[in-house]
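Asks: In our numbering, the protein residues as written are 12 to 322.
1. Quick check: residue 217 and residue 185, are their CB atoms within less than 8 Å of each other?
2. Please report the residue range of the alpha helix (DSSP H) in which residue 324 lies.
3. Between residue 212 and chain D, is any beta-carbon pair separated by less than 8 Å?
4. In angstroms, rounded to a whole number, what distance separates the CA positions of residue 180 and residue 280?
5. Helix or strand or just coil, what does DSSP make of residue 313?
6. Exposed or buried, residue 39, counting other C-beta atoms within 10 Å across all chains shown (16 or more means buried)?
7. Kindly identify the DSSP beta-bridge partner or partners of residue 104.
8. What did DSSP end up calling residue 65 once you bin it into helix, strand or coil?
9. Please state whether the Cβ-Cβ distance between residue 147 and residue 176 is less than 8 Å.
10. If residue 108 sits next to residue 155, beta carbons under 8 Å apart, how far is it from one beta carbon to the other, in whole angstroms?
11. Specify the secondary structure class of residue 229 as computed by DSSP and reduced to three states.
12. How would you call residue 301, buried or exposed, if buried means at least 16 neighbouring beta carbons within 10 angstroms?
13. Would you list, in sequence order, the uninterrupted beta strand (DSSP E) runs of no fewer than 3 residues that lie entirely inside the segment 255 to 314?
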């Protein structure tokens, strides 16, 4: 049973004539007749009543019709998926990412994407989470990766959570005990990053920790990057809450010490995919979203061109 046979069967069933089916398929009438006859031979039943006025389905033909329709739809979708993969291999992906995500998380994903689609062109802009949101709203980029940001024209799809951990210089008094309470933390010079994004989840969690503990942190510095904050902590100029992924190497090497905060639950910084609401996305975007879904084991109800979905 082949595609041309099913195609001829469905056209003839729809149009009630082998001649009209042939016109629709741009083939000869004998070709349509031969395809239908071959299909009937394969399934072992007569599918059409034939007369001078045209053709109509037999009872067996009507029974077979929905199965043929589903088979054709499956084949059509398969062709579209293959075409989308082909286009993704040479397409352009414009995206924006928050600094921390772009520095510590995204490179590994981009390497995987490059291995899968070596001819795809990636154009990546880096900024604060609010900058990423605005670029998605203004359609400067096709997607964004950022901490949680809300906007009525943007879908924010949860991707993963990253723990924010307290780190200190290895000679700091906290390092000996490995644990400290928020009241103790509040007495130490605190180094923050991302000062230009006060609405970010990072600042929200700092404010929440302080509020729940009933303390006012002693903010010593506001820096514009995790790297700068790490350097200051390594110099012994203060302590800092930083994304675990951003300090993994330093914790492994011993240049920073990890401190448990005794009186608070683990703090998670959520990361989201930001997409312009209501848009259908092209093959290269769908391919990247599919890779994110596979990497982080999440489900994203995203629709692409041709009605394809990330699955």
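We put the beta carbon where it would ideally sit given N, CA and C, even for glycine.
Keep in mind it's a predicted model, so treat the numbers as computed, not measured.
Replies: This is what the structure gives:
1. no
2. Since the first residue shown for the chain is 12 and the last is 322, residue 324 is missing from the structure and cannot be characterised.
3. Looking for chain D here will not work: only one protein chain is present.
4. 23 Å
5. coil
6. exposed
7. 133
8. strand
9. no
10. 7 Å
11. strand
12. buried
13. 268 to 272 and 278 to 287
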